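Accompanying notes for the structure given below.
Numbering (the numbering used here), first residue to last: 2 to 599.
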């Protein structure tokens, strides 16, 4: 199969899904283009900050498009590229994009409430506190994984004498310099835009100029640090990214990052077409693997495929971004569709590109019958594939390598700063008594709770635990990430079904995804529990630190998931249609002033 055919078919399917199903969903639930959004009515200069459609889209897309669409899809190709491709397309259109758009829409219609606050309104306060505990622990796992991933990408290679191997370390060092510059440039970029009111093509031209300058400086002055050094640098960045007002650093950085990612996607597509024209885009990976042979080794197509491919098809983490940050940036309700549904569709396309490049490179890099760590990490496979395509249409090989190293690290870094912010907010919300989105999280807490809900304290504690987990071997519980992520997606879908019923909207399109996700995630978690228990029984103390930790975490996830799912389903079948209408609009002083006193 030629990779060009897959890219074209996938693009048509995803665009059709957006134009047909996405727009139908928006019409069915109702979009009021004249309504003043929470970002405008409740603007506070910190969390609620109205932005252009593209800026809000950039934030959503750069935050959700992390390691998942590359790592998950390539890892799942042990089942063959066709099952992975089908799940990315079907899951992206009917599961993931509905999930992301629905969470964003429900938050906008409820004064920018976070997912936890929505759960309290429609499910109950106990459900909210359990969910906040779950989401905080979930963000700690993601912080640990992504920080380790980025630090590993940037780290220098040293020879036997302890000197830096410049040739082996150059790409990572140059990308590291660009990442450091990125932070300060993003702050300056945001200030200039606000100071001079730049938008549209002027804003884009400024972004491109800054990119060229950053890459020129980075390639001229690479920074060579070991992994521990990059841990420190990334931690300092996350400390400020998680605590600072969103329009100061996060919003402009996401805009710049999205420009870079869009260029990467364009380069990948052009590269596939150029390689295809030269007869080098044949997908040599198996279309469908021997599923029975994999099952005999314990790798079952169901549920492993559907929990491995998360962000490319559906990811519960996206609902945290949609409700905690993106819903507080929409300037118009009409932006909800491109931001919520559109960003997910584009991420699915990134997953398709990862599948195609891995399948094209399969014959060159495969030595053991499957794509895996022995022949390179999924990120390395993807970046090498895109760089190969870029050199095919004339880009300098060194520039292509540095560019792709920067892109793959940005995929993780822009997600981890969103995760750090959401983790901090989840921790603060746990101590809040109010369920009002306008209230600063934890502001109404007293005593020790007030101390722990302080913005900087909550940020430091969240990051400290994430980093401790990374140093201590986050991979010991990482196998549970996929199942916990999809379980979070299932919880969100049930909440959305309750929201639709309580507000008198149609919600039947959510029922199949809810049933599928619950069965899939609980099956995966039960398999993990059985596997860990078996390992403990046979190996005893030798695996307590690995299988024992996984076992405890898996049991907690199952118990927590069952409680939340039960409460949600009880409310879904118990509440009357139209019993809880959308919230009445709330205002801040700044919002009332900027909206002309309405």
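Just so it is clear, CB atoms sit at the ideal spot from N, CA and C, and this is done for glycine as well. As the structure is a computational prediction, the values presented were derived from the model and not from experiment.
query	result
I'd like the list of long-range same chain contacts for residue 339, defined as Cβ closer than 8 Å, with 5 residues on each side in sequence excluded.	54, 58
Where does residue 164 sit, in a helix, a strand or coil, going by DSSP?	coil
Excluding sequence positions up to five away, which residues of its chain have a Cβ less than 6 Å from the Cβ of residue 371?	The pLDDT assigned to residue 371 is 45, lower than 50, so where the model puts this residue is not dependable, and the model offers no usable value.
Taking its Cβ as the centre, do 16 or more other Cβ atoms sit within 10 Å of residue 425, making it buried, or is it exposed?	buried
So if DSSP puts residue 504 in a beta bridge, which residue, or which two residues, is it bridged to?	DSSP lists no partner for residue 504.
Which residue's Cα is closest to the Cα of residue 359: 209, 384, 31, 552?	384
Does the Cβ of residue 410 have 16 or more other Cβ atoms within 10 Å, making it buried, or fewer, making it exposed?	buried
By the DSSP assignment, the alpha helix (DSSP H) with residue 512 in it spans what residues?	512-540
Just list the residues that DSSP pairs residue 331 with in beta bridges.	52
Exposed or buried, what is residue 137 when buried is set at 16 or more other beta-carbons lying within 10 Å of its beta-carbon?	buried
Can you tell me the Cα-Cα spacing of residue 267 and residue 523, whole angstroms?	38 Å
Rounding to the nearest angstrom, what Cα-Cα distance links residue 373 and residue 390 in this structure?	Only weak support exists for where residue 373 lies, its pLDDT of 42 falling under 50; the value from the coordinates is given anyway. In a straight line, the C-alpha of residue 373 is about 21 Å away from that of residue 390.
Among 431, 572, 432, 177, whose alpha-carbon lies nearest the alpha-carbon of residue 152?	177
Look up residue 394 in the DSSP assignment and say whether it is helix, strand or coil.	coil
What are the boundary residues of the alpha helix (DSSP H) that includes residue 153?	126-155
Identify every residue that forms a DSSP beta bridge with residue 595.	Answer is none; residue 595 lacks a bridge partner.
Quick check on the DSSP output: what are the complete alpha helix (DSSP H) runs of length 4 or more inside the segment 182-243, in order along the chain?	201-221
Do the segment 282-289 and the segment 56-73 touch if we need at least three Cβ pairs shorter than 8 Å?	no
Ignore the nearest five residues each way along the sequence and tell me which others in residue 171's own chain have a CB closer than 7 Å to its CB.	223
Using the DSSP secondary-structure output, state which residues sit across from residue 283 in a beta bridge.	3
For residue 534, tell me which candidate among 521, 542, 548, 526 has the shortest Cα-Cα distance.	548
Do three or more CB pairs link the segment 42-53 to the segment 245-261 at distances below 8 Å?	yes
In chain order, what residues of the same chain lie with their CB nearer than 7 Å to the CB of residue 48, ignoring the 5 residues before and after it?	247, 329
Rounded to the nearest angstrom, how far is the Cβ of residue 511 from that of residue 497, given a contact under 8 Å?	6 Å
Report the rounded CA-to-CA distance for residue 232 versus residue 22, giving the unit in angstroms.	43 Å
Residues in its own chain within less than 8 Å of residue 507 by CB, not counting five upstream and five downstream?	29, 30, 501
What is the C-beta distance between residue 190 and residue 208, in whole angstroms, given that I count them as a contact (C-beta under 8 Å)?	7 Å
In this structure, how does DSSP classify residue 159 when only helix, strand and coil are distinguished?	strand
Rounded to whole angstroms, how far is the Cβ of residue 7 from the Cβ of residue 527, which I believe are closer than 8 Å?	Between residue 527 and residue 7 the Cβ distance is about 34 Å, and since that is not below 8 Å, they are no contact.
Go through its chain and collect everything with a Cβ distance to residue 467's Cβ below 6 Å, but skip five positions before and after it.	141, 144, 145
Please list, in chain order, all residues of the same chain as residue 219 whose beta carbon is under 6 Å from its beta carbon, the five residues on each side excluded.	175, 178, 179
Would residue 423 pass as a contact of residue 325 if the rule is Cβ separation under 7 Å?	yes
What are the boundary residues of the alpha helix (DSSP H) that residue 39 is part of?	39-42
Quick check: what's the CA-CA separation for residue 95 versus residue 321?	19 Å
Rounding to the nearest angstrom, what Cα-Cα distance links residue 302 and residue 427 in this structure?	34 Å
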